[in-house]
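The structure appears below as structure tokens.
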Amino acid sequence: MRWWVMTHLRMKPFKEWLVAENAKRLGEGGVMLEPFYPADFLTSDADEVRHPFAKDDGRVSSDLSRFVFIKASREDINALVHAESKLGHRYTLLHYRDTDGSQAVVSDAMMKDFFDACLNYRGYFEIVPPMLGIEAQDRVQIKSGPFAGQQASVVSVRHTKSGIQLDLELELVSGLFNIKMSNVDKSQVAILNRSLVDAIRTDFIEYTQLHLLEILEHRVKGIDDEEVKRRDVAMLTRLYRYRNQPVENVAARIHFQSLMLICAHLCRYTADEQELTAQALASLDDINSRCPSKAATDTRAYLWIALYIVTRNPVYRESVKQYIRDFQPKSDRLRRFVQLIRTGKKL
């Protein structure tokens, strides 16, 4: 497995296609290809600007919006290029080539440095489209149409092929009522302030918890909606990209390690799963050796949950169930994780 440097002139439809391809692979029990799009951090990909300088050998100018780094074996990357080329696109996925003509690849160590730069210093250079990441409960001002100038709360957000659709709740003289706005862009709506959901994003551990819970709950419920599956696959890829994020607090680091173990398992990254499992077992042994009598630790509970999901060893499930009975932790998210493994369903 290595990181291949690839280019595509129509990155937005390619991203959508790759998410669907990953969902298909997971559905067939295959391994998910891991992509990294530097444009998500360095520039806006909201506008599909046609690039006039593409060449057949995959060389383009240094416009990072056309680049994707994909972690895959040689066989998988060749299969991906072949499958994408059959779609009949004018510009298909191409290898970026070094000056000697060889296909460019990047080492894991170098990609880790790249991730760190993007994740830790993104505030210094990221350009975020105003509509990107709009969430339910955000407060907005309508800028066009019959309700121009009115403020509203976002009730729900739908991302469709034609754009973003918002359900808005307005407060007018006659009271509250809802309207729908389709194909919304920055010329129609301005975000006044973010909801609590967006504030949570500043803490990537809580952010990971919330989205992992949602994905796991979809699987336990057996939701078979293809759009939901595609969104879950895209979110898993995004969450796992944070795996090298530094965490100073020891307990929080172990907690985050357990969440990344669950991610690796759901993505079917076998080698990463084995490595993270070994780390989780070592962390559990370390906690037991240092404070065997101090059983009331959520950190230990999260390790048990992750290890049960990965190994299916009932000892871990019984341990966390006993922990909940004995100590009645206040964390609602922890209780939701426990409820998921109580079902015994393979995840």
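Numbering-wise (the numbering used here), the sequence shown opens with residue 85 and increments by one. All C-beta atoms in this analysis are idealised placements derived from N, C-alpha and C, irrespective of residue type, glycine included. As the structure is a prediction and not an experimental result, all values here were calculated from the model.
Exposed or buried, which one is V399 when buried takes at least 16 other CB atoms within 10 Å? exposed
Check this for me: beta carbons of I338 and S373, under 8 Å apart or not? no
Using 8 Å as the threshold, is the C-beta distance between M265 and L254 below it? no
Could you pull out every unbroken beta strand (DSSP E) segment of at least 3 residues lying fully inside the region 275-360, listed in chain order? none
Buried or exposed (CB count within 10 angstroms, at least 16 for buried), E159: exposed
In chain order, what residues of the same chain have a beta carbon less than 7 Å from the beta carbon of I161, not counting five sequence neighbours either side? W88, I154
Can you find at least 3 beta carbon pairs, one from the region 353-365 and one from the region 302-309, that sit closer than 8 Å? no
Q293 to G185, Cα distance in whole Å? 44 Å
Is it true that the CB of T427 sits closer than 8 Å to the CB of P119? no
Would you mind working out which of S271, Y386, A163, K313 sits nearest K108, comparing C-alpha positions? K313
Consult DSSP for D416 and reduce its assignment to one of helix, strand or coil. helix
Whose CA, out of D370, R419, L424, lies closest to the CA of Y392? L424
Quick check on DSSP: helix, strand or coil for A385? helix
Taking the alpha-carbon positions, what's the L216 to D369 distance? A caution first: L216 carries a pLDDT of 48, below 50, which makes its placement in the model unreliable, though a value can still be read off. Roughly 43 Å separates the two Cα atoms.
Determine whether the Cβ of I275 lies closer than 8 Å to any Cβ atom of chain B. In the displayed structure, chain B is absent; only one protein chain is listed.
Kindly indicate the opening and closing residues of the alpha helix (DSSP H) around P119. First-last for P119: 118-120, but that is the beta strand (DSSP E), not the alpha helix (DSSP H).
Assuming M116 and C347 are in contact, meaning their beta carbons sit under 8 Å apart, how far apart are those beta carbons, in whole angstroms? About 11 Å separates the two Cβ atoms, so there is no contact after all.
Using the beta-carbon count (16 or more within 10 Å), is V334 buried or exposed? exposed
If I'm right that V152 touches A318 with Cβ under 8 Å, what's the distance once you round it to whole angstroms? Not really, about 14 Å apart at Cβ, beyond 8 Å.
Per DSSP, cross-strand counterpart(s) of S240: D251
For R220 and Q235, what's the separation of their Cα atoms in angstroms? Reading off the sequence shown, one finds Ala at residue 220, where the question assumed Arg. Cα-Cα distance, rounded: 14 Å.
D124: buried (16+ other C-beta within 10 angstroms of its C-beta) or exposed? buried
Taking the CB atoms as reference points, tell me whether L418 and A385 lie closer together than 8 Å. yes
Start and end residues, beta strand (DSSP E) containing Q406: Taken as a continuous stretch (DSSP letters only), Q406 belongs to no beta strand (DSSP E), being part of the alpha helix (DSSP H) at 398-411.
Between the CA atoms of P230 and R315 - distance to the nearest angstrom: 33 Å
Taking the straight line between their C-alpha atoms, what separation do you get for M390 and A193? The displayed chain sequence assigns Ala, not Met, to residue 390. The straight-line gap from Cα to Cα measures roughly 26 Å.
Can you tell which of A201, V241, H166, I275 has its C-alpha closest to the C-alpha of G233? I275
Can you tell me where the beta strand (DSSP E) with I226 in it begins and where it stops? 223-226
Of the choices H302, E301, I289, R223, whose alpha-carbon is the least far from that of Y326? I289
Measure from the alpha carbon of A364 to the alpha carbon of each residue in T381, L345, A355, then state which is nearest. L345
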